[in-house]
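Visitor: Provided herewith is a single structure, encoded as structure tokens, for subsequent inquiry.
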């Protein structure tokens with residue numbers, strides 16, 4: 329799917345059905361509709377529907393990958409053409425950030441719920457265990473993927489872990505190291521690859537390597553291994569439901585996240601929500617005139 333020819337010509341706020349000619353949709357059967365936020369299409373799925381879609385695609389031997397969109401991703405999608413092209417390649421785009429769900433509701437085209445990568449790793453692993461599929465954990469801090477794999481196996485004893493790997497910082501600049509990872513994945517042959525490298529590194533690696541495992545499903549899930557391993561505490565459930573998980577993380581890592589959340593995220597998020605509300609008002613006014 330070419331970013332300029334397909335995505336950017338759709339009105340923000342529209343509901344769009346993906347057609348069979350969309351190159352980003354590897355798993356082409358029953359593709360969920362997309363809600364447009366600005367020019368980004370986000371698939372209108374619940375977490376359970378996302379898991380069922382992936383399992384169904386794997387049963388048909390159809391691969392793909394899931395982009396977990398948050399407010400920062402949307403901001404960079406609009407500002408950075410290279411990042412937008414990564415998203416154009418995704419098979420499913422889910423709303424990992426609660427502000428995206430709020431914006432969709434304000435503009436009158438509501439997404440059903442937040443679908444967080446840090447939740448998907450649990451629900452998809454449970455489904456993989458039930459259906460006999462294997463997972464590979466790529467990324468995270470040293471020993472984190474191994475610890476996360478142990479915990480997932482403890483929770484879901486039938487889960488097959490095909491392997492883990494923690495690439496060193498800067499590995500993506502070394503073609504030989506990237507090829508080492510590609511060979512490791514080919515030898516392991518997982519059905520699902522969880523990639524926890526942070527954005528945009530994880531999306532770049534998925535797009536670069538997923539052709540080596542065309543029937544696998546790849547998910548970019550950020551810090552999720554650290555959550556699973558218990559090395560970083562997630563926000564309390566009430567904060568997650570209130571859309572305040574970003575504040576909990578900001579308190580945990582102020583030096584790393586203050587620029588993203590305070591300098592960029594808050595102004596952009598406020599503008600997005602205001603624009604979404606205005607857009608709904610204009611649409612309603614247009615309907616009344618008709």
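Numbering (my numbering), first residue to last: 329 to 618.
Even glycine gets a Cβ: it sits at the ideal position worked out from N, Cα and C.
Quick check on residue 583: does DSSP put it in helix, strand or coil?
Guide: Along the chain shown, read from residue 1 onward, the residue named residue 583 stands at position 255. Look at residue 583 here: in three-state DSSP terms it is helix.
Visitor: Roughly how many angstroms lie between the CA atoms of residue 470 and residue 608, to the nearest whole one?
Guide: Numbered from 1 along the chain shown, position 142 holds the residue referred to as residue 470. Numbered from 1 along the chain shown, position 280 holds the residue referred to as residue 608. Using only the alpha carbons, I get a separation of about 47 Å.
Visitor: Counting along the chain, where does the alpha helix (DSSP H) carrying residue 505 start and finish?
Guide: For this step, residue 505 is matched to residue 177 along the chain shown. Residues 503-516.
Visitor: Report buried or exposed for residue 371, applying the criterion of at least 16 other Cβ atoms within 10 angstroms of its Cβ.
Guide: For the purposes of this step, residue 371 is taken as the residue at position 43 of the chain shown. Buried, since its Cβ has 16 or more Cβ neighbours within 10 Å.
Visitor: Excluding sequence positions up to five away, which residues of its chain have a Cβ less than 6 Å from the Cβ of residue 380?
Guide: The residue you call residue 380 lines up with position 52 of the chain shown. The answer is none, since no qualifying residue turns up.
Visitor: So residue 523 and residue 440 are in contact, right, with Cβ under 8 Å, and what is the actual spacing, rounded?
Guide: The count along the chain shown starts at 1 and reaches residue 523 at position 195. The count along the chain shown starts at 1 and reaches residue 440 at position 112. That belief does not hold up - the Cβ atoms of residue 523 and residue 440 are roughly 25 Å apart, past 8 Å.
Visitor: Indicate whether the contact test is met: 3 or more Cβ pairs, each with one atom in the segment 563-578 and one in the segment 401-418, closer than 8 Å.
Guide: no
Visitor: On the DSSP bridge assignment, give the partners of residue 423 in chain order.
Guide: On the chain shown, residue 423 is found 95 positions in, with the first residue counted as 1. DSSP output for residue 423 lists 397 as bridge partner(s).
Visitor: Taking the alpha-carbon positions, what's the residue 454 to residue 612 distance?
Guide: In the chain shown, residue 454 corresponds to position 126, counting from 1. In the chain shown, residue 612 corresponds to position 284, counting from 1. Whole-angstrom Cα-Cα distance: 43 Å.
Visitor: Report the residue ranges of all alpha helix (DSSP H) runs contained in full by the segment 425-478; include only those spanning at least 4 residues, in chain order.
Guide: 426-434 and 445-459
Visitor: List the whole-angstrom C-beta distance separating residue 404 from residue 424, where the pair is believed to meet the contact cut-off of C-beta under 8 Å.
Guide: The residue given as residue 404 occupies position 76 in the chain shown. The residue given as residue 424 occupies position 96 in the chain shown. The Cβ separation is near 14 Å, so there is no contact.
Visitor: Could you tell me whether any non-hydrogen atom of the ligand NAP is closer than 7 Å to the CB of residue 515?
Guide: The model depicted lacks the ligand NAP and carries no ligand whatsoever.
Visitor: Using only the alpha-carbon positions, how far apart do residue 487 and residue 458 sit?
Guide: Here residue 487 is taken as the residue at index 159 of the chain shown, counted from 1. Here residue 458 is taken as the residue at index 130 of the chain shown, counted from 1. Their backbone Cα atoms lie some 8 Å apart in a straight line.
Visitor: Taking the alpha-carbon positions, what's the residue 525 to residue 394 distance?
Guide: If you number the chain shown from 1, residue 525 lands on position 197. If you number the chain shown from 1, residue 394 lands on position 66. Each residue's alpha carbon lies about 14 Å from the other.
Visitor: Should residue 362 be labelled buried (16 or more other beta-carbon atoms within 10 Å of its own) or exposed?
Guide: The residue labelled residue 362 in the question sits at position 34 within the chain shown. That one is buried.
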